[in-house]
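Q: Just so you know, the protein sequences line up as chains A and B, in that order. Read in UniProt numbering, the first sequence has 235 at position 235, and its numbers run on one by one without any break. Read in UniProt numbering, the second sequence has 46 at position 46, and its numbers run on one by one without any break.
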Amino acid sequence: MRLADVDTSDFATIRQETIRSGFGKGLLAAGRESDRVVALCADLTESTQMHLFRDAFPDRFIQVGVAEQNLVTVAAGLAHAGFIPFTTSYAAFSPGRNWEQIKTTAALNDQPVKIVGAHTGINVGPDGATHQMLEDIALMRVLPNMVVVAPADSIEAEKATRKIAVNDAPSYLRLARDKTPVFTRPDTPFEIGKALHLQRGNDVTIVATGTMTYEALAAARILSERGINADVLHLATIKPLDEDAILASAALTRRVVTVEEAQIAGGLGGAVAEVLSEHLPTIMMRIGIRDRFGESGGPRELLDHFGLTAPHIARSVSAWLEALPSSGDTQRG
Amino acid sequence: MAVSMIAEPRALPRRRDNDELTEIATRIRVRIVDMLEAAGSGHSAGPLGMADILTALYFSILRHDPTDPEWDERDVFFLSNGHTVPVLYAALAESGYFPVDELSSLRRLGSRLQGHPERKALPGLESTSGPLGSGLSQAAGYAYAMRYLTRQPHRFVYTVMGDGEINEGNVWEAAMFASKYRLGQLIAFIDRNNIQIDGTTDEVMPLGDLVAKWQSFGWHVLEIDGNDPGAVVKAAALGRAVSGQPTMILANTVPGKGVDFMEYDHRWHGMPPNADQAEAARRILSRSRGER
Ligand SMILES: [Mg+2]
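(1) Alpha carbon to alpha carbon, how far is A/Met140 from A/Gly266? Give it in angstroms, no decimals.
(2) Is B/Asn18 helix, strand or coil by DSSP?
(3) According to DSSP, which residues form a beta bridge with A/Leu321?
(4) Does any C-beta atom of chain A lie closer than 7 Å to the C-beta of B/Lys213?
(5) Quick check on A/Ile228: does DSSP put it in helix, strand or coil?
(6) The alpha helix (DSSP H) spanning A/Glu243 covers which residue range?
(7) Please list the terminal residues of the continuous beta strand (DSSP E) segment that includes B/Asn252.
(8) According to DSSP, simplified to helix, strand and coil, what is B/Val33?
(9) At what residue ranges does the segment 220-289 of chain B contain a whole run of the beta strand (DSSP E), taking only runs of 3 or more?
(10) Within the segment 132-198 of chain B, note down every full beta strand (DSSP E) run reaching 3 residues or more, in order along the chain.
(11) Cβ of B/Ser44 within 7 Å of Cβ of B/Met161?
(12) If I measure Cβ to Cβ from A/Ala230 and keep anything under 6 Å in the same chain, skipping five residues before and after, which residues do I get?
(13) Quick one: which chain B residues come within Cβ less than 9 Å of A/Ile84?
(14) Measuring CA to CA, which of B/Glu165, B/Thr150, B/Ala143, B/Asn170 is closest to B/Val157?
(15) Quick check: does the Cβ of B/Asn252 come within less than 6 Å of any heavy atom belonging to ligand 1?
(16) Does the beta carbon of B/Asp163 fall short of 6 Å from some heavy atom of ligand 1?
(17) Residues of the segment 106-125 of chain B with a CB closer than 8 Å to any CB of chain A: list them in chain order, please.
(18) What separation, rounded to the nearest whole angstrom, lies between the Cα atoms of B/Ala280 and A/Asn167?
(19) Using a Cβ cut-off of 7 Å, pull out every chain A residue sitting near B/Pro131, in sequence order please.
(20) Under 7 Å, Cβ to Cβ, is there at least one residue of chain A near B/Ser243?
(21) A/Val113 by DSSP, collapsed to three states: which one?
(22) In its own chain, which residues sit with a C-beta less than 6 Å from the C-beta of B/Ser105, not counting the 5 before and 5 after it?
(23) For A/Gly288, report the span of its beta strand (DSSP E) as first-last.
(24) For A/Arg300, which of helix, strand or coil comes out of DSSP?
(25) Say the cut is 6 Å; is the CB of B/Asn227 nearer than that to a heavy atom of ligand 2?
(26) For A/Leu108, would you say it is in contact with chain B, using Cβ-to-Cβ distances shorter than 7 Å as the test?
(27) Nearest to A/Ala67 by CA position, among A/Leu252, A/Gly96, A/Met50, is which residue?
(28) When you compare only the Cα positions, how much space is there between B/Leu183 and B/Trp219?
(29) With a threshold of 16 other CB atoms inside 10 Å of the CB of residue 304 of chain B, please say whether the residue is buried or exposed.
(30) Report all residues from its chain with a CB closer than 6 Å to the CB of residue 334 of chain A; omit the five preceding and five following residues, and keep chain order.
(31) Candidates A/Leu217, A/Ile155, A/Asp55, A/Ala129: which alpha carbon is nearest A/Asp291's?
(32) Is the beta carbon of B/Ile190 within less than 6 Å of some heavy atom of ligand 1?
(33) May I ask you to report which of helix, strand or coil DSSP gives A/Glu135?
(34) Would you check if the distance between the CB atom of B/Leu222 and the CB atom of B/Ile249 is smaller than 7 Å?
(35) Near A/Leu196, what residues of its chain come up, given a Cβ to Cβ distance below 6 Å and the 5 sequence neighbours on each side ignored?
(36) Inspect the beta-carbon positions of A/Gln263 and A/Ala138 and report whether they are closer than 7 Å.
Structure below.
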């Protein structure tokens, strides 16, 4: 796999923008590309960045009020009538509240309803645990037919939105509230179901998704200064999972770390562990939220607190590697 | 989006008098008894009680074409209380969507007739349902598309819910939505049979004055004898005549209708007849046929 060319500038200097703003631009573009794209919102139009679409295509924007069950089921009806409905709310409410409706009327019913969950992860910040959606990856990736995508920055979010508009499948798009580094480029490849190879290394594999990919990449740079060379994969698509990319890297390094701003149980960590334990049992460390709820605080402050910024990730990885038995003992035949 | 022309009349249902509809409804009831007996599980009371509504829909009200289930000028029916699907399967088979023989495969491994309806499994199904409360929203979404997006004022969307089903909050979210967007092409039925799994609707969760409730949500509300197919046909026509407002038809039905030992008994909600009971039910139904 060719390495993707991305911006590895320092956090302090790199341009930052919200992932949700990339969605807003992508939806506007998708609306221009197809008049079958319609947008539904549950009373959070601006914070989910749906206002760009609403202002450009008022006739294709539907306000459903604070009613997330109705949000996705009305969308299922629109999909049956031949449209491509994008639904937005905070992920804590959609898919948090309306999971059964998503399962039955979108996934099992196999309608191309798009569930866009804004404000995932702890970077939601001061609003605290009720509004910090950490369980969405686990909830959505267990649904047959469902596609699950967690873009790493605003540019990728724009591409992902345009791709799921035409994938003819029920799909979940995971967004975030806080500004994050824009490190991919307009010409960086994006394909649903394909991992991005960001850095080559033999010592450890780091697999990251969503907001954590930039942090993982920055952590890999810190590690390389200490002589640890990480193989870094970005998995924007969590379902379908790019198993080949994971297995190829794991075969090389024999040590795999996952990084996500979500519950590691059932999340990216769970997904990678399932693949590896079936095909290539490999020792792993899962970095993310470990069976607890979030809390109030500043976005960066919380990421630090939960060990999800680059210096913390680098420290965790090197400590973990040091504590492992020497490579000769862990190597399998 | 192209504005469609007036539909060709190929699938306009032919006029049927009440006797003919009642005859079809009785045939559908016999099929329901046969199916449930063969399956050995499933719901009896609801499907039997709803047979007249479904007969009126598929044999008089809906513009549809069994030879072209996805005909893009068809009226659309969403069954919301998916557990009553045997009555829908029987109506679809009688209409010619699939062979009547296939009804006996209900609930069997590999059957297209799943225990609850799955859209992609069988021609004629418009949605997947079972978990209660989501049909009205889907029908509203479809009606929204026809009113504002495809601009097809000549098409209508119908849905049937159970009365226990409207305990679900999702229903009332849809009630507000359909009213806000003045979805006059949406015509909904509540199968008002006063029972649900744990007992009567009054015991489980009293529904109060449903006419006043739906009117206060901005709906055009009708109340009818839901076991009179002619009344169902007339109510649907009234609903179609009211534009800019969705119609709710409160259809009072007898649970288990047509099989006297099942009527009004909530224990038959989720139970199939055994061989003896099925034979007795068929005898009763054929007698009612002769009486007319
Ligand atoms: Mg009932």
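Every residue gets a Cβ at the ideal spot worked out from N, C-alpha and C, and that includes glycine.
A: On the basis of the data shown:
(1) 10 Å
(2) helix
(3) Answer is none; A/Leu321 lacks a bridge partner.
(4) no
(5) coil
(6) 243-253
(7) 247-252
(8) helix
(9) 220-225, 247-252
(10) 157-162, 186-192
(11) no
(12) Gly201, Val204, Ile206, Ala220, Leu223
(13) None at all; the shortest Cβ gap to chain B is about 11 Å.
(14) B/Ala143
(15) no
(16) yes
(17) Glu118, Arg119, Lys120
(18) 53 Å
(19) Glu100, Thr104
(20) no
(21) coil
(22) Ser111, Leu113
(23) 283-289
(24) helix
(25) As presented, the structure is devoid of ligand 2, carrying ligand 1 as its sole ligands.
(26) yes
(27) A/Gly96
(28) 10 Å
(29) Within the shown structure, residues of chain B are numbered from 1 to 292, placing residue 304 of chain B beyond reach of any answer.
(30) The structure shown does not extend to residue 334 of chain A, since chain A is modelled only from 1 through 333, so no value can be given for it.
(31) A/Ala129
(32) no
(33) coil
(34) yes
(35) Ala4, His234
(36) yes
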